[in-house]
Each structure stands twice: as structure tokens, then as C-alpha cells.
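>
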Amino acid sequence: MKVIVPASQGILAYPISRKTGIQLGYAELEKLPDGEKYVRIPENVEGKQVYIVNSFAHIPDELIIETLFLIDTFKELGAEKVIGIFPYFPYSRLMRRFIRGEAAKLKSIAKLFKVAGLDKMYVVDFHQRNFDEIFDFEVVDITAMHLLAEYARENFELKSPFVVGADEVAEYWAEIVANELDSEYALMRKIRIDAENVIVDSVPEEVVNKDVIIVDDIISTGGTVVQAVKALKAAGARRIYAACTHPALSNEALKMIYHAGIDGIVGTDTVLSPISHVSVADLISDSILQS
Ligand code: R5P
Numbered sequence: 002m003k004v005i006v007p008a009s010q011g012i013l014a015y016p017i018s019r020k021t022g023i024q025l026g027y028a029e030l031e032k033l034p035d036g037e038k039y040v041r042i043p044e045n046v047e048g049k050q051v052y053i054v055n056s057f058a059h060i061p062d063e064l065i066i067e068t069l070f071l072i073d074t075f076k077e078l079g080a081e082k083v084i085g086i087f088p089y090f091p092y093s094r095l096m097r098r099f100i101r102g103e104a105a106k107l108k109s110i111a112k113l114f115k116v117a118g119l120d121k122m123y124v125v126d127f128h129q130r131n132f133d134e135i136f137d138f139e140v141v142d143i144t145a146m147h148l149l150a151e152y153a154r155e156n157f158e159l160k161s162p163f164v165v166g167a168d169e170v171a172e173y174w175a176e177i178v179a180n181e182l183d184s185e186y187a188l189m190r191k192i193r194i195d196a197e198n199v200i201v202d203s204v205p206e207e208v209v210n211k212d213v214i215i216v217d218d219i220i221s222t223g224g225t226v227v228q229a230v231k232a233l234k235a236a237g238a239r240r241i242y243a244a245c246t247h248p249a250l251s252n253e254a255l256k257m258i259y260h261a262g263i264d265g266i267v268g269t270d271t272v273l274s275p276i277s278h279v280s281v282a283d284l285i286s287d288s289i290l291q292s
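With positions in the sequence shown counted from 1, the corresponding number in our numbering is that position plus 1.
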């Protein structure tokens with residue numbers, strides 16, 4: 002017996018439940034006046050396989066605590082297995098200690114989820130590829146890049162497309178989009194100054210007179226895309242678009258990107274935003290049905 006439970010950012014539980022036939026469950030979730038979280042599972046989950054759906058955008062710490070309470074409570078109430086569906090996973094860009102004494106936050110979260118009793122999780126375009134070194138449970142990583150490429154083909158003016166990966170990490174995704182669009186790809190080079198500021202050091206010279214799609218997993222402050230648009234324009238690109246899986250879009254990110262002169266931008270519904278035109282619900286459902 003399986004049940005799928007939406008948490009605070011768990012809207013995808015509804016289409017996934019419909020597509021997979023997994024029964025929809027319910028958790029009572031409330032933020033108390035003092036800022037603490039109230040979590041209650043009203044139904045009997047004994048012996049059941051429970052899927053918790055939560056993305057972790059904008060208020061990651063609060064949602065991580067909520068998810069820990071859910072995992073732990075489901076296990077305490079006798080759930081046979083607890084499986085996370087976490088389309089947007091926070092702290093994924095910080096898997097190790099870069100500066101002496103810094104918290105290796107992703108590893109801390111991995112340990113906490115394991116101790117709470119998480120058996121497996123589904124993620125979408127996770128920033129790191131070396132799951133085994135980070136998580137002590139099964140991880141299924143699903144890519145949305147084929148769908149983003151399909152959206153780009155149908156909605157962007159791509160007479161002469163060229164894909165630009167936002168950095169070395171983005172090569173994996175840029176290659177998928179380029180293959181789908183039957184185009185070439187290359188990577189730009191960026192140097193991160195701080196959380197909000199990046200310098201785009203170089204863009205590929207092949208972009209002259211091309212319709213360029215910048216491909217990245219996350220758009221957060223928008224700093225990367227803004228600087229990329231400027232550098233690509235200066236380098237002679239024709240139209241410039243951006244596609245990302247997770248439109249985390251903090252503060253004025255989208256406004257800054259439009260101001261920079263982008264011709265179109267798309268993201269998925271791992272994070273709900275004004276550019277979430279592609280849904281990952283079917284991808285996750287298919288992956289669950291296949292396992
Ligand atoms: C970094 O390695 C990621 O792949 C993205 O390039 C980064 O998260 C984008 O962040 P921002 O929009 O803040 O420049």
C-alpha cells in the first residue's frame with residue numbers, strides 16, 4: 002500500500018498521485034506563533050510506503066525541519082518505507098568545505114535525513130553527480146533538460162541555435178539540450194565573486210550571429226544570466242534565451258534578467274515562478290512507475 006503526502010511545497014503530489022495512482026495522503030502542517038512547526042499525520046500509515054513531496058525553495062531551513070519531522074513521524078508511526086520526492090534540493094551547490102571551518106551543509110542535511118529514516122529520494126537535476134559520496138540512501142536523479150529543449154524548440158526563435166552551458170558543471174545539461182536541438186554547445190567561463198556577483202570571463206566565440214540558449218540548473222540571484230547576456234551580446238550573439246530547471250529567482254532576479262535584454266526564459270515547476278512553463282510531474286511519475 003502506497004500513499005503520497007504533499008508538504009508545504011508539495012503541490013506536485015497532486016498530478017503525481019493522479020498519474021501513478023498512488024493514493025493521496027495528508028499531513029497537518031502549521032507554523033506556530035513562536036515560529037515553531039506543528040506537524041501531525043492524522044491517518045494510519047502502518048506498513049505503508051509513504052512518499053513525501055517537498056521542494057525547498059526560498060525558505061529552505063524551515064522546510065528541511067518540516068521534512069525531518071515528517072520523515073521521523075512517519076517512521077515512528079510504523080511506515081514501512083519513507084521516500085522523498087524533493088524536486089528542488091537546497092544547499093546542493095555546497096557539498097564540501099571550501100574555506101577552513103565552513104559548514105559542509107549538504108552533508109549535514111544528508112546525515113539528518115538518513116538518521117530520521119529516509120529510505121530513498123527522487124530529485125531533479127541535482128547540482129552534484131557524486132550521490133554515493135554524499136547520501137547514504139538511494140537517490141534517483143531525473144533530468145528535465147529534454148523537456149526544456151522541447152519547450153525551447155516550440156517557443157523560442159531558433160533559426161541558428163547554439164547552446165551555452167553556464168559553467169563547467171552545466172556541461173552535462175548543455176549537452177542534452179544541444180543534442181535535442183541538433184546544435185553545438187560550448188561552456189562559458191565565470192568567476193563567482195560572492196553570492197550575488199559573478200564575472201563572465203569568456204563566452205564561446207561560436208556565438209556570433211547565433212540564437213543562443215544559456216543552460217543552467219539553477220537561476221538564483223540571476224547574476225550569472227545577467228552577466229552572460231551582456232557578454233553574449235558583446236560577442237555578437239543574435240537572440241539570447243535561458244533555460245533552467247530550478248527558477249529559484251531570489252529578489253529582483255527576473256526583473257534584472259529582462260532588463261539585461263533576454264529574449265525569452267523558461268524554467269520548470271520544481272520551483273513555482275512566473276517562468277515555470279514546463280512541468281516535471283510526468284517525469285517523476287514515470288520514474289516512480291518504472292521502479
Ligand atoms: C552554480 O554553480 C549554478 O549552476 C548556477 O550557475 C548558479 O546557481 C546561478 O546562480 P545565480 O543566478 O545566483 O548567479
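Ideal Cβ positions, reconstructed from N, Cα and C, are used throughout, including at glycine.
1. What is the rounded straight-line gap between the Cα of VAL204 and the Cα of THR225?
2. State the start and end residues of the unbroken alpha helix (DSSP H) segment that holds GLY26.
3. Taking all protein chains shown into account, decide if GLN24 is buried (16 or more other Cβ within 10 angstroms of its Cβ) or exposed.
4. What does DSSP give as the partner residues of THR269 in its beta bridges?
5. Comparing C-alpha positions only, which one of SER9, ASP120 and PHE114 sits nearest to LYS82?
6. Quick one: what's got a C-beta closer than 6 Å to LEU13's C-beta in the same chain, skipping five residues either side?
7. Which residue from LEU71, LEU64 and LEU182 puts its Cα closest to that of ILE5?
8. Run through DSSP, which three-state label would SER56 get?
9. By Cβ distance below 7 Å, which residues in the same chain neighbour GLU31 in space, the five residues on each side in sequence not counted?
10. Looking only at its own chain, which residues have a Cβ that is under 6 Å from the Cβ of ALA58, when we skip the five neighbours before and after it?
11. Output the distance between the C-alpha atoms of ARG154 and LEU182, rounded to the nearest integer angstrom.
12. How would you write the range of the beta strand (DSSP E) that MET2 sits in, first residue to last?
13. At what residue ranges does the stretch 138 to 186 contain a whole run of the alpha helix (DSSP H), taking only runs of 4 or more?
14. Relative to the alpha-carbon of ASP73, which residue among PHE114, VAL230 and ASP218 has its alpha-carbon at the smallest distance?
15. Take every Cβ of the stretch 263 to 280, pair it with every Cβ of the stretch 241 to 255, and state whether three or more of those distances are shorter than 8 Å.
16. Check whether the Cβ of ALA244 sits closer than 8 Å to any heavy atom of the ligand R5P, and report yes or no.
17. From what residue to what residue does the alpha helix (DSSP H) around LYS108 run?
18. Would the C-beta of ASN168 count as close to the ligand R5P, meaning under 8 Å from any of its heavy atoms?
19. How many angstroms separate the CA atom of LEU78 from the CA atom of PHE136?
20. Assuming LEU188 and ASP202 make a contact with CB atoms under 8 Å, what is their CB distance in whole Å?
21. Can you determine whether any heavy atom of the ligand R5P sits closer than 8 Å to the C-beta of SER203, and answer yes or no?
22. What is the rounded straight-line gap between the Cα of VAL141 and the Cα of PHE132?
23. Please report the straight-line C-alpha distance between PRO43 and GLU176, rounded to a whole angstrom.
Answer, in terms of the structure:
1. Along the sequence shown, one-based indexing puts residue 204 at 203. Along the sequence shown, one-based indexing puts residue 225 at 224. Between VAL204 and THR225, the C-alpha separation is close to 12 Å.
2. Numbered from its first residue, the sequence shown carries residue 26 at position 25. Run containing GLY26: none; DSSP gives neither H nor E here.
3. On the sequence shown, residue 24 is found 23 positions in, with the first residue counted as 1. Looking at its Cβ environment, which holds fewer than 16 other Cβ atoms inside 10 Å, GLN24 is exposed.
4. Taking the sequence shown and counting its residues from 1, one reaches residue 269 at position 268. Paired residue(s): VAL279.
5. The count along the sequence shown starts at 1 and reaches residue 82 at position 81. Nearest C-alpha to LYS82: ASP120.
6. As a first step, residue 13 is located in the sequence shown; it is residue number 12 there, counting from the start. Same-chain partners within the cutoff: VAL54 and ALA282.
7. Residue mapping note: residue 5 aligns to position 4 of the sequence shown, counting from 1. The candidate whose alpha carbon is nearest that of ILE5 is LEU71.
8. Position 55 of the sequence shown holds residue 56. In this structure, SER56 counts as coil in the three-state DSSP scheme.
9. Translated into the one-based positions of the sequence shown, residue 31 becomes position 30. The answer, listed in chain order, is TYR39.
10. Translated into positions along the sequence shown, residue 58 becomes position 57. Excluding sequence neighbours, ALA58 sits near TYR89, ALA249 and VAL272.
11. By one-based count along the sequence shown, residue 154 stands at place 153. By one-based count along the sequence shown, residue 182 stands at place 181. Cα to Cα, ARG154 sits roughly 7 Å from LEU182.
12. Numbered from its first residue, the sequence shown carries residue 2 at position 1. Careful: MET2 lies outside any beta strand (DSSP E) and carries neither H nor E.
13. 146 to 156 and 172 to 182
14. Sequence index remark: in the sequence shown, residue 73 carries index 72 (1-based). The residue with the shortest Cα to Cα distance from ASP73 is PHE114.
15. yes
16. Taking the first residue of the sequence shown as 1, we reach residue 244 at position 243. No, the Cβ of ALA244 stays beyond 8 Å of every heavy atom of the ligand R5P.
17. Within the sequence shown, residue 108 is the residue found at index 107, counting from 1. Residues 106 to 117.
18. Walking along the sequence shown from the start, residue 168 turns up at place 167. According to the sequence provided, residue 168 is Asp. The question's Asn does not apply to it. Answer for ASP168: yes, Cβ within range of the ligand R5P.
19. The count along the sequence shown starts at 1 and reaches residue 78 at position 77. The count along the sequence shown starts at 1 and reaches residue 136 at position 135. If you take the alpha carbons of LEU78 and PHE136, they lie about 24 Å apart.
20. Numbered from its first residue, the sequence shown carries residue 188 at position 187. Numbered from its first residue, the sequence shown carries residue 202 at position 201. Rounded, the Cβ-Cβ distance is 11 Å, inconsistent with contact.
21. Counted from its first residue, the sequence shown places residue 203 at position 202. Not under cutoff, so the answer is no.
22. The residue labelled residue 141 in the question sits at position 140 within the sequence shown. The residue labelled residue 132 in the question sits at position 131 within the sequence shown. Each residue's alpha carbon lies about 9 Å from the other.
23. Numbered from 1 along the sequence shown, position 42 holds the residue referred to as residue 43. Numbered from 1 along the sequence shown, position 175 holds the residue referred to as residue 176. Rounded to whole angstroms, PRO43 to GLU176 spans 46 Å at the Cα level.
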